[in-house]
Structure formats: structure tokens, C-alpha cells
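Same order as they appear, the protein sequences are chains P and A.
The first sequence begins at 1 in this note's numbering and counts up by one.
The second sequence begins at 1001 in this note's numbering and counts up by one.
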Amino acid sequence: MSATATHPQDVAEYLERVRLALSDLPSEERDELMADVESSLLDAASDSSVPLVEQLGPPERFAGELRAAAGLAAPSGAGATAPRLARLLARVRPLAAGARDFAPAWWVLRAYVAIAAFALVTGSGWAYRAQMIPVIHSANVTALVGLAVLALSIWLGRRGFRWMLVADLALAIAVIPVAVHLVDQYRHGNAYGGTPQEIILPNTPGLAFDGRPIRNIYPYDRHGRLLQDVRLYDEAGVPLPVGATDPHGDPLRRTVRSASGRRVLNAFPIRYFEPGSRRVKHPAAAPKRHVPALRTPALRGG
Amino acid sequence: MLAVVAEQDGYGYDVLRRLRAAGLADVGDASVYGTLRRLYRGGSLTSYVMPSDEGPHRRYYGITDHGRALLDRSRETWTNFSAALDALLQIKLEVKA
């Protein structure tokens, strides 16, 4: 392409106006004509820096000659678009064509929006750990449905059905409530899915359960064995400490330290030394008498 | 136009350039593209699309047997017409030995 080539925006606009002037033709005929014209006009534009309108005359006249030479009927008066509207549309359509490059991203996004909107409407839950991921019935079902919807979205996108524009518009509007929900979840950090319920509790500092402060936690594994030095974190990854407000800690508390030497306050069960010594008298002490083994099979990869 | 395509397959702008190069400067771009389309629909031309890396795919036109027949008839018609016209204008076509 020569350095003095006509600006591609001009070409796009010219083409759009020609297309508009041919808008009363059946789409197949029009598309074939436009395809020929488009590549030829691009060549014509690249060969000289003279604007297309000067080279070829007004696009509406060009379209008229095109139809006449092709043996097609002249447009009826009712079908003609007002010139100013034609120019406006001509400027907008090429931008929409450029947006088509982003189509695949939209295909993926709209699949997500479709499922998220469905989850919102039917009140299905959201993933425990990732509040952006909707869960329909169960994780497996959601994964299957998600893949199916994604595949459908991509297939429809590649086929380019016209009526998908309506669906796209609806999904684009549905983005709003989905986005609102996501922002909401982010701000309230809800762990159980569905609408967050704000329970007013007395302001209990530190770890608490329904307003009652917790002083220790005894974790048991699936076989019913008491575990030692288990560190606990909440769904946001924040450690659940006991005794964080004690300035230097309880001197009788067995201090647990991380590899870097920092005090770890969320390791359970917390053990205490016998007064006057640095020894934990009963390392296996626990309040519960007997914790039965679990019947549910172990999770894989846990 | 059939003659141009008969010589070698071409796409819209290519055909236009060859017509211009042959001396038909006044032929309108739109007329060329439209006529190519009409000849194609009438069965005188075939078409195929060549993928292009640097822009939109180009639709090439080639001549068909029907097109060749039409071209020969047109040549004959033109030859008769120009002979008649020359005779009217009293220009001698043959060089008398």
C-alpha cells in the first residue's frame, strides 16, 4: 500500500453509503455485490490519495450505476434513506464492524452472564470459595451446564445468526444485575451463598460463635483423631486468631511460631503450660469424649 | 469485458484496470462491477474466491463456454457493424492489390 493511500475510514464510510443505497435488494445479492465492490474499492483507494467521492462520484450515484449495470431494478422512493441519516449510519456501522473483532470474547462472557443470570433468577447458590462462580444444583452439574452453554455460545457466534442480536441485547442488559450482585458479594464477603443476611451481633472482639467468644478449638480428623497445631483461616484467607488483642500474650500459653519466627495465633488446639513450668501437662487433652469416624468417603486430592 | 476475462481470469478492479489500459478510459467503475455481476448471473462467467492475506478475499471471474460463445457472437456483430459503418463513411477497408 502506498503511503498516500486514502484513509480507510473514508473507504468504510463510502462502502456503507453504497450498502445503504442498495438496502432494498435481497441480502444475498447485495452482499455479493458489496464483496466485489469492497475489495475493488480498497484497491482503488490504495492506488491514489484522491478521496473516493472525487474518484467515483457520490456513493448513491455509484450504487445506481452498479444496479443498472447488474441489471437490477432501481430503488423505490419509499426505500431510500435520507442522505443525512445515511451519512450518520455510514459512520457508525464501520465501528460496529471493528467491534466484531472482539466477538469471541463476548461469546465467552455472554455464556457466563447467561448462567449467572439464571442463578440469580432461580436463587441458586454461589460457590463457597469464589463468589463469582454460580452453582446450579451441584458443582458437577454447573460444570457440565457451563461447558454446554459455552459451546453453544461459541457455535452460535461462529454461525452468526441474525436473531442472536436480540439475545445479545438481552444478555447485555442482564450484565447489569450480575455485576451488581458481584460487587455486592465482594463488599459483604458472604460465605454461604444467596442473599447476605445481616445479623446484628454485639460487638464481640476476636473469634466468636453467635456472639459467644471462643477460647479454643479442637479439630478432629475423619477418623476421629484429635489433630494438633492445625491452622485455621476464614473464606477470605484471613487467619482466625485467639488472643490477638493480648499485647504480649498469655505467658502460660504455648507460643507457636512460624518458620520466620512470627507468633502464630490461629493454630489449634491452643495449649497452656502448667503454672510455674514450660511443659504442657496433657498434650492430648480435649473436651469431647469420643468423636466417631465419618461415614462419608474422603475427598480426592484433599 | 468478456474479452478481458477471456484472456485471463481477473477480479473487479483488475478487469477495470485492463479495460482502462486498453484505452477505454471513460468506462465507469460501477458499470464494470455491475456488469461482471450480470454476466456471472447470466452464466457467461464463473467465479471463485481467492483468500488474501492483506485484505478482503477477492472474487475472481473466469469465462465459461457460454461466455466464449457470447464473446464470439459479439465479435461477429461488432465486425459487421463497424464494416457497415465504415462503408457508410466511405472508408476503404481492403487494400486493393
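Cβ atoms here follow ideal geometry from the backbone N, Cα and C, with glycine treated the same way.
**OP:** Select from the region 63-75 of chain P all residues with a C-beta closer than 9 Å to any C-beta belonging to chain A, and list them in chain order.
**Re:** Those residues of the region 63-75 of chain P that come within reach of chain A (Cβ to Cβ, closer than 9 Å) are ALA63, GLY64, GLU65, LEU66, ARG67, ALA68, ALA69, ALA70, GLY71, LEU72.
**OP:** Using only alpha-carbon positions, find the residue among ARG110(P), ASP246(P), ILE133(P), ALA285(P) that is nearest to GLN185(P).
**Re:** Start at 1 with the first residue of the first sequence, and residue 185(P) comes out as number 185. Here the closest residue by C-alpha is ILE133(P).
Subject >> Three-state secondary structure (DSSP) of PHE161(P) >> reply: Along the first sequence, read from residue 1 onward, the residue named residue 161(P) stands at position 161. Note: PHE161(P) maps to coil in three-state DSSP.
Original post:
Given PRO205(P), which residues of its chain have a CB within under 7 Å of its CB, disregarding the five upstream and five downstream residues?
Top reply: As a position in the first sequence, residue 205(P) is number 205, starting the count at 1. Cβ neighbours of PRO205(P) beyond the five flanking positions: THR245.
**OP:** Indicate whether PRO269(P) and TYR218(P) have their beta-carbon atoms separated by less than 7 Å.
**Re:** Stepping through the first sequence from its first residue, residue 269(P) is reached at position 269. Stepping through the first sequence from its first residue, residue 218(P) is reached at position 218. Contact flag set, yes.
Original post:
Under 7 Å Cβ-Cβ, which residues of chain P neighbour THR1079(A)?
Top reply: By one-based count along the second sequence, residue 1079(A) stands at place 79. In chain order: nothing, as chain P lies at least about 25 Å away.
Subject >> Sequence-distant residues of its chain with Cβ nearer than 8 Å to ALA284(P) (five each side left out) >> reply: Numbered from 1 along the first sequence, position 284 holds the residue referred to as residue 284(P). LEU226, listed in sequence order.
**OP:** Please look up how many angstroms separate the CB atoms of LEU1045(A) and GLY1062(A), rounded, as I've assumed it's under 8 Å.
**Re:** The residue given as residue 1045(A) occupies position 45 in the second sequence. The residue given as residue 1062(A) occupies position 62 in the second sequence. Yes, they are in contact, since the Cβ atoms of LEU1045(A) and GLY1062(A) sit about 7 Å apart, within 8 Å.
Original post:
Among residues of its own chain, excluding the 5 on either side of ARG1059(A), which ones have a beta-carbon nearer than 7 Å to its beta-carbon?
Top reply: Mapped onto the second sequence, residue 1059(A) falls at position 59. Contacts found: TYR1011, SER1047, VAL1049.
Original post:
For THR296(P), which option in PHE273(P), ASP229(P), ARG222(P), PHE161(P) has the closest C-alpha, if you only look at C-alpha atoms?
Top reply: For the purposes of this step, residue 296(P) is taken as residue 296 along the first sequence, with counting starting at 1. The option with the nearest alpha carbon to THR296(P) is ARG222(P).
Original post:
From which residue to which residue does the alpha helix (DSSP H) around THR1077(A) run?
Top reply: What you label residue 1077(A) is simply residue 77 of the second sequence in a count that begins at 1. For THR1077(A), the enclosing alpha helix (DSSP H) covers residues 1065-1088.
**OP:** Following the continuous alpha helix (DSSP H) through VAL113(P), name the residue where it begins and the one where it ends.
**Re:** Position 113 of the first sequence, counting from 1, holds the residue named residue 113(P). Its alpha helix (DSSP H) spans residues 103-122.
Subject >> PRO196(P) to MET34(P) span [Cα, whole Å] >> reply: Taking the first sequence and counting its residues from 1, the one referred to as residue 196(P) is at position 196. Taking the first sequence and counting its residues from 1, the one referred to as residue 34(P) is at position 34. Because the pLDDT at PRO196(P) is just 48, under 50, the model does not fix this residue reliably, and the point stays unresolved.
Original post:
Opposite ARG253(P) in the DSSP bridges: which residues?
Top reply: In the first sequence, the residue the question calls residue 253(P) occupies position 253. Bridge partners of ARG253(P): TYR272(P).
**OP:** Could you tell me which of VAL256(P), ALA70(P), ASP31(P), GLU13(P) sits nearest to PRO58(P), measuring between CA atoms?
**Re:** Mapped onto the first sequence, residue 58(P) falls at position 58. Closest by alpha carbon: GLU13(P).
Original post:
Can you give the Cα-Cα distance for VAL175(P) and ARG110(P), rounded to whole angstroms?
Top reply: Residue mapping note: residue 175(P) aligns to position 175 of the first sequence, counting from 1. Residue mapping note: residue 110(P) aligns to position 110 of the first sequence, counting from 1. VAL175(P) and ARG110(P): Cα-Cα distance of roughly 8 Å.
Subject >> Straight-line gap, THR1077(A) to LEU1070(A) (C-alpha atoms, nearest Å) >> reply: Residue 1077(A) sits at position 77 when you count from the first residue of the second sequence. Residue 1070(A) sits at position 70 when you count from the first residue of the second sequence. If you take the alpha carbons of THR1077(A) and LEU1070(A), they lie about 10 Å apart.
Original post:
Is DSSP giving TYR1040(A) helix, strand or coil here?
Top reply: Counting from one through the second sequence, the residue named residue 1040(A) turns up at place 40. Three-state result, TYR1040(A): helix.
Subject >> Whole-number beta carbon distance between PHE102(P) and ALA1030(A), since they are thought to touch under 8 Å >> reply: Here residue 1030(A) refers to the residue found at position 30 when the second sequence is read from its first residue. Here residue 102(P) refers to the residue found at position 102 when the first sequence is read from its first residue. With 8 Å as the limit, ALA1030(A) and PHE102(P) do not qualify as a contact, their Cβ atoms being about 33 Å apart.
**OP:** Could you check what DSSP says for ALA285(P) in three-state terms: helix, strand or coil?
**Re:** Working through the first sequence from its first residue, we reach residue 285(P) at position 285. For ALA285(P), the three-state secondary structure derived from DSSP is coil.
Original post:
Ordered along the chain, which non-local residues of its own chain (more than five positions away) have a Cβ less than 8 Å from that of ARG253(P)?
Top reply: As a first step, residue 253(P) is located in the first sequence; it is residue number 253 there, counting from the start. Result list for ARG253(P): GLY243, ILE270, ARG271, TYR272, PHE273, in chain order.
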